[in-house]
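S.K.: Pasting a structure below so you can have a look.
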Amino acid sequence: MNDHTMKQFRFRHRLCRNAAIVLAAALLAGCASTKGPAPTSFDFGPVAAPVTPTPAAASYPALIVADVSGPATLDTDRMFYRLAYANAQQALPYAYNRWAATPLQLLSQRLKARIAQGGVKVLSISDATGGLPVLRLEMDEFSQNFASATESTAHISLRASLFRGHQLVDQRTFTRSAPAPSADAAGGASALAATSDAIAADLLAWLATLPPR
1 MNDHTMKQFR
11 FRHRLCRNAA
21 IVLAAALLAG
31 CASTKGPAPT
41 SFDFGPVAAP
51 VTPTPAAASY
61 PALIVADVSG
71 PATLDTDRMF
81 YRLAYANAQQ
91 ALPYAYNRWA
101 ATPLQLLSQR
111 LKARIAQGGV
121 KVLSISDATG
131 GLPVLRLEMD
141 EFSQNFASAT
151 ESTAHISLRA
161 SLFRGHQLVD
171 QRTFTRSAPA
181 PSADAAGGAS
191 ALAATSDAIA
201 ADLLAWLATL
211 PPR
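Below is the structure:
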């Protein structure tokens with residue numbers, strides 16, 4: 001191969017290499033532009049106006065309310081749903097929707113706010129002094145279940161235990177459901193917020209039936 005031929009070979013090699021770099025950059029840009037929309041975050045929305053103090057406030061003017069506990073699947077910001085008409089045993093994640101916090105955190109905040117609206121002074125375990133009754137909450141179910149492609153319902157099941165010292169005063173399981181206004185993540189978030197408020201009302205009504213501290 002003479003010098004002229006070698007120069008032509010090197011020039012063509014550089015052209016091919018530059019073209020490959022340009023093509024790779026274009027492909028990467030194309031992939032980035034087709035990733036889909038940015039995730040949308042949902043929470044339970046603002047708490048409604050304060051309600052009239054309930055009878056629970058007379059029996060328990062101050063209460064330690066622990067954060068809601070539950071399975072690891074509820075300690076994530078991913079939003080899940082179930083297709084009851086196809087496979088109710090499989091929880092499927094929404095692709096582009098997330099919770100603003102984990103369901104355990106969202107429910108903890110909502111229930112504490114609602115209990116406080118009922119006239120009960122809500123304290124956390126870390127801030128409270130000894131001698132006050134403790135309300136512990138454990139969530140068993142928090143889901144949006146589709147009965148069909150266009151109809152879904154929110155379900156929450158929560159076990160509440162009231163302790164005075166180390167003695168169990170009473171324990172009750174509360175289960176509530178609410179239809180979703182739309183067959184999507186937004187409808188599920190709305191229905192789960194309404195279900196949480198119903199659970200809070202049930203908790204206050206239950207506390208009012210228990211013996212005073």
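With the UniProt record's numbering applied, the sequence shown covers 1 to 213. Ideal placement from N, C-alpha and C gives every residue a C-beta, glycine not left out.
Using 8 Å as the Cβ pair cut-off and three pairs as the minimum, do the stretch 102-122 and the stretch 168-186 touch?
M.R.: Taking 8 Å as the limit for Cβ pairs, the verdict is that the stretch 168-186 does not touch the stretch 102-122.
S.K.: Within 8 Å, do at least three Cβ pairs link the stretch 121-139 to the stretch 65-82?
M.R.: With a cut-off of 8 Å, the stretch 121-139 and the stretch 65-82 count as touching, because enough Cβ pairs lie within range.
S.K.: Classify A205 as helix, strand or coil using the three-state DSSP reduction.
M.R.: If DSSP states are grouped into helix, strand and coil, A205 belongs with the helices.
S.K.: Along the chain, where does the beta strand (DSSP E) that runs through S69 open and close?
M.R.: Looking at the DSSP string, S69 is not in any beta strand (DSSP E), and its letter there is neither H nor E.
S.K.: Let me know the beta strand (DSSP E) ranges lying completely inside the stretch 75-121, each 3 residues or longer, listed in chain order.
M.R.: If we require 3 residues or more, the beta strand (DSSP E) runs fully inside the stretch 75-121 come out as 78-83, 87-99.
S.K.: Considering A58, what are the terminal residues of the alpha helix (DSSP H) in which it resides?
M.R.: Taken as a continuous stretch (DSSP letters only), the alpha helix (DSSP H) holding A58 covers 56-59.
S.K.: Applying the 10 Å Cβ sphere with the 16-neighbour rule, what's the burial state of D75?
M.R.: Looking at its Cβ environment, which holds fewer than 16 other Cβ atoms inside 10 Å, D75 is exposed.
S.K.: Just mark N87 as buried or exposed, buried being the case when its beta carbon has 16 or more other beta carbons within 10 Å.
M.R.: It counts as exposed.
S.K.: Measure the Cβ-Cβ separation of T153 and P181 and say whether it is below 8 Å.
M.R.: For T153 and P181, no; Cβs fall outside 8 Å.
S.K.: Entirely within the stretch 142-212 and at least 4 residues each: give me those alpha helix (DSSP H) ranges in chain order.
M.R.: Runs found: 185-209.
S.K.: Considering only the alpha carbon of each residue, which of S161, G165, Q167, D184 lies closest to W206?
M.R.: It is S161 whose Cα lies nearest to the Cα of W206.
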